[in-house]
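Residue numbers (the numbering used here), protein chains in the order written: chain A, 1 to 300; chain B, 1 to 244. Report on the structure given below.
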Amino acid sequence: MPGTPAISFEETSKRYRNGTLALSEVSWSIPVGARACLLGPNGSGKTTSIRLLEAALSPTTGWVSLLGTPVGGRGYGDARQRTGVVPQNAGMYSDLTTFEYLDLARRLYGRGDVDRALETFGLAEHRDKRLAQLSGGFQRRVVLAAALLSEPELLLLDEPTVGLDPVAAHEVHEYLASAMRGRTTLLSTHNLAEAEALCDDVVILRKGVVLLHESLASLRQRKKPRARLAARQGVAALIEALRKRNVDAVIEDGGVIASIDPEHEAPELLRSLLTEGIAVYECTPLTASLEDLFLEAVRR
Amino acid sequence: MRWSAIRSLLWKELRQVGRNRMALLTAAFLPFIILFLAPIQILLQLRLAGLRALPNNSFPGIDISDPNQLALQLIYPVLFVMGGLLLPTLTTTYAIVAERERHSLELLVSLPVTVGEILAAKLLMVLTVTALVGLPYVAAVLTLLVVLGIGGLEIVPALLAPFVAAVLCSTALSLVLTLLARDFRSANNLNGMFFVPVLLVTLGTLALAPGPARTYVLALVLIGLAGVALLIAMRWITFERYLE
Numbered sequence: 001m002p003g004t005p006a007i008s009f010e011e012t013s014k015r016y017r018n019g020t021l022a023l024s025e026v027s028w029s030i031p032v033g034a035r036a037c038l039l040g041p042n043g044s045g046k047t048t049s050i051r052l053l054e055a056a057l058s059p060t061t062g063w064v065s066l067l068g069t070p071v072g073g074r075g076y077g078d079a080r081q082r083t084g085v086v087p088q089n090a091g092m093y094s095d096l097t098t099f100e101y102l103d104l105a106r107r108l109y110g111r112g113d114v115d116r117a118l119e120t121f122g123l124a125e126h127r128d129k130r131l132a133q134l135s136g137g138f139q140r141r142v143v144l145a146a147a148l149l150s151e152p153e154l155l156l157l158d159e160p161t162v163g164l165d166p167v168a169a170h171e172v173h174e175y176l177a178s179a180m181r182g183r184t185t186l187l188s189t190h191n192l193a194e195a196e197a198l199c200d201d202v203v204i205l206r207k208g209v210v211l212l213h214e215s216l217a218s219l220r221q222r223k224k225p226r227a228r229l230a231a232r233q234g235v236a237a238l239i240e241a242l243r244k245r246n247v248d249a250v251i252e253d254g255g256v257i258a259s260i261d262p263e264h265e266a267p268e269l270l271r272s273l274l275t276e277g278i279a280v281y282e283c284t285p286l287t288a289s290l291e292d293l294f295l296e297a298v299r300r
Numbered sequence: 001m002r003w004s005a006i007r008s009l010l011w012k013e014l015r016q017v018g019r020n021r022m023a024l025l026t027a028a029f030l031p032f033i034i035l036f037l038a039p040i041q042i043l044l045q046l047r048l049a050g051l052r053a054l055p056n057n058s059f060p061g062i063d064i065s066d067p068n069q070l071a072l073q074l075i076y077p078v079l080f081v082m083g084g085l086l087l088p089t090l091t092t093t094y095a096i097v098a099e100r101e102r103h104s105l106e107l108l109v110s111l112p113v114t115v116g117e118i119l120a121a122k123l124l125m126v127l128t129v130t131a132l133v134g135l136p137y138v139a140a141v142l143t144l145l146v147v148l149g150i151g152g153l154e155i156v157p158a159l160l161a162p163f164v165a166a167v168l169c170s171t172a173l174s175l176v177l178t179l180l181a182r183d184f185r186s187a188n189n190l191n192g193m194f195f196v197p198v199l200l201v202t203l204g205t206l207a208l209a210p211g212p213a214r215t216y217v218l219a220l221v222l223i224g225l226a227g228v229a230l231l232i233a234m235r236w237i238t239f240e241r242y243l244e
């Protein structure tokens, strides 16, 4: 249905049996076609959110829906078969082979080509190996292959690269980038570089509450533009010259960061500094990283 | 619950348990003694020497001065209930605790299945394995009882009913206790706890229920217990606690 969100949480809370409040009346949704990342420190409620969408857990209060269907309600089975899930660091069977697990996934999704998936994910030579015997990188490929076997409309990825070495993580990123193209995705991670590389929208959770839900582009626009400057006369002289011109500037990592719009204000400012004899040899526009935006949101 | 999903999961469960022959052998060892060796030994005693008659009416409602009646109305039902109680516990514990100990439940719930479907498939696997391991023993003993004239054909359903009911009861109770357990060891310890109470219920029912229908009454009581345990397991305990 047009306009129906792919994922929606409405005043959803989840309290565990031990009393921990994992989610506290959160309301957020992502539209069809979005590639959103769910960010937050450990214990912020990311995995709980994914498990509520899988119907592996039930909300204590509120509602959760997947592809326009209430989780656990009528039609949920069909919505779930159109959703691929990559769980966080799941344990592996020592008594099922790669082929048998993927074949189980094919039966449960009701469609998919296991041999093609084995080829696509470079698993053909591990077809008859027990899952627990595979390396971490290959295990993650199996899980990805199972999630993508049925060409799902929606992908839920829970920390897909956690615990992998850099080479294996890079390989998984390549598979993810290709899998996420044109597909609604919710990526739960605390790896900010991963989120920045793969997502357009950000949902930040902390202690079970949504701190922020915005597109990365608009977040960056909200952040005041900045430029990094360097001059032959040194940091102190440059700072003084900038302050004389009412430009906010701070010293960071041995350089001067000026609060100016690089595109519109920098040319005039540089001309003025050079005329005064301040030999500026560097002016680099700074784009706020997701890390900056995340830290700002979490510290707010 | 979707039958197609349960069938696919059952296929997985059977494949896994088939690869764990030690678990199967261990599960089959005690029932072999209780469901086969002990009944055969009693049968031999009935045929060769006759059971030593006990004073009449020392067990309510059974003429135990008749050794055949004593065997068919008390000894065999109790043995079949004991075998039926022992047979599924280890397989149930293995099927559930193994999933928890290797954290593979997360992998399973990432596929389009519900927690209820996972539990249903595990229970069906336990019942299938139990049927494959236990029914041949029971069938052999029942055949011998009929062929040797200890009882007529009516004893087949009368003795099969408490065995099947005990299997269902044990599976459901093991499910509840295993879901509550922290690990394999504590699950086994907890499972030992229900054996004596259920055996007391069995003896009590056999003593109180009237006439030859007593084994059917016993079967109904055990099925009732199974139903309550299953409801508790599926509705209140569930696998959720493994994922929290």
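Using N, Cα and C, we set each Cβ at its ideal position, and we do this for glycine too.
Neighbour list for residue i in chain A, Cβ cutoff strictly below 8 Å
i: residue 8/B; result: 104, 107, 108
i: residue 102/B; result: 91, 92, 93, 94, 132
i: residue 15/B; result: 95, 96, 100
i: residue 110/B; result: 54, 85, 86, 87, 90, 143, 146, 147
Chain C within 8 Å of residue i, Cβ atoms only
i: residue 120/B; result: Of the protein chains in the structure, A and B, none is chain C.
Option in the options with minimal Cα separation from residue i
i: residue 162/A; options: 47/A, 297/A, 282/A, 16/A; result: 47/A
i: residue 94/A; options: 101/B, 90/B, 88/B; result: 101/B
i: residue 133/A; options: 84/A, 97/A, 111/A; result: 97/A
i: residue 34/B; options: 11/B, 80/B, 72/B; result: 80/B
i: residue 41/A; options: 131/A, 248/A, 189/A, 178/A; result: 189/A
i: residue 76/B; options: 162/B, 26/B, 226/B, 168/B; result: 162/B
i: residue 70/B; options: 39/B, 84/B, 83/B, 92/B; result: 39/B
i: residue 193/A; options: 291/A, 64/A, 244/A, 151/A; result: 291/A
i: residue 32/A; options: 200/A, 263/A, 121/A; result: 200/A
i: residue 224/A; options: 249/A, 243/A, 259/A, 245/A; result: 259/A
i: residue 65/B; options: 46/B, 78/B, 82/B, 87/B; result: 46/B
i: residue 25/B; options: 188/B, 208/B, 91/B; result: 91/B
i: residue 233/A; options: 207/A, 72/A, 277/A, 35/A; result: 277/A
i: residue 268/A; options: 104/A, 155/A, 213/A, 245/A; result: 245/A
i: residue 207/A; options: 226/A, 39/A, 35/A; result: 39/A
i: residue 96/B; options: 85/B, 121/B, 83/B; result: 121/B
i: residue 169/A; options: 82/A, 135/A, 283/A, 57/A; result: 135/A
i: residue 275/A; options: 76/A, 49/A, 241/A, 151/A; result: 241/A
i: residue 129/A; options: 102/A, 150/A, 53/A, 28/A; result: 102/A
i: residue 135/B; options: 184/B, 32/B, 182/B; result: 32/B
i: residue 77/A; options: 99/B, 1/B, 103/B; result: 1/B
i: residue 200/B; options: 222/B, 182/B, 190/B; result: 222/B
i: residue 203/B; options: 218/B, 19/B, 211/B, 190/B; result: 218/B
i: residue 166/B; options: 216/B, 119/B, 243/B; result: 216/B
i: residue 53/A; options: 293/A, 87/A, 116/A; result: 87/A
i: residue 241/B; options: 164/A, 143/A, 61/A, 18/A; result: 18/A
i: residue 60/A; options: 83/A, 247/A, 11/A, 73/A; result: 11/A
Contacts of residue i in chain B (Cβ-Cβ under 8 Å)
i: residue 57/A; result: 240, 243, 244
i: residue 43/A; result: Those do not exist, as residue 43/A stays about 13 Å from chain B at its closest Cβ, beyond 8 Å.
Chain-ordered neighbours of residue i on chain A, where CB pairs are closer than 7 Å
i: residue 114/B; result: 55
i: residue 2/B; result: 77
i: residue 5/B; result: 108
Under 9 Å by beta carbon: chain A residues contacting residue i
i: residue 21/B; result: Near residue 21/B there are no residues of chain A at all, since even the closest Cβ is about 11 Å away, more than 9 Å.
i: residue 176/B; result: Here the premise fails: no neighbours, minimum Cβ distance about 16 Å.
i: residue 107/B; result: 87, 90, 91, 92, 93, 101, 131, 143, 146
Assumed close pair residue i, residue j - CB separation to whole angstroms, cut-off 8 Å
i: residue 67/A; j: residue 153/A; result: 7 Å
i: residue 110/B; j: residue 90/A; result: 7 Å
i: residue 80/A; j: residue 112/B; result: 4 Å
i: residue 213/B; j: residue 133/B; result: No, residue 213/B and residue 133/B are not in contact; Cβ-Cβ is about 29 Å, not under 8 Å.
i: residue 5/B; j: residue 23/A; result: Not quite, the Cβ-Cβ distance comes to about 27 Å (not below 8 Å), so this is no contact.
i: residue 64/A; j: residue 9/A; result: 6 Å
i: residue 147/A; j: residue 123/A; result: Not confirmed; about 14 Å, so no contact.
Chain B residues whose Cβ lies nearer than 7 Å to that of residue i
i: residue 80/A; result: 112
i: residue 51/A; result: 243
- Task: Please list the segments of the alpha helix (DSSP H) lying wholly inside the stretch 63 to 133 of chain B, counting only runs of 4 or more residues, in order along the chain.
- Result: 67 to 70, 76 to 101, 105 to 109
- Can you list, in chain order, the stretches of the beta strand (DSSP E) that have 3 or more residues and sit fully within the stretch 60 to 127 of chain A? 61 to 66, 83 to 86
- Pull out every residue of the stretch 168 to 180 of chain A whose Cβ sits closer than 9 Å to any Cβ of chain B, in chain order. none
- Taking only beta carbons into account, state which residues of the stretch 218 to 238 of chain B come closer than 8 Å to chain A, listed in chain order. none
- Query: When you check each C-beta in the stretch 135 to 154 of chain A against every C-beta of chain B, which residues fall closer than 9 Å?
  - Reply: 143, 146, 147, 150
- Query: Just by C-beta distance, which residues in the stretch 250 to 267 of chain A are closer than 9 Å to chain B?
  - Reply: none
- Item | Every unbroken beta strand (DSSP E) inside the stretch 225 to 285 of chain A [3 residues or more] | 226 to 231, 249 to 252, 255 to 258
- Query: Which ranges does the beta strand (DSSP E) cover as unbroken runs of at least 3 residues, wholly within the stretch 155 to 210 of chain A, from first to last along the chain?
  - Reply: 184 to 189, 201 to 206
- Message: Taking beta-carbon pairs under 9 Å, can you tell me which members of the stretch 179 to 200 of chain B lie near chain A?
- Response: none
- What residues in the stretch 12 to 26 of chain A bring their beta carbon closer than 8 Å to a beta carbon of chain B? 16, 17, 18
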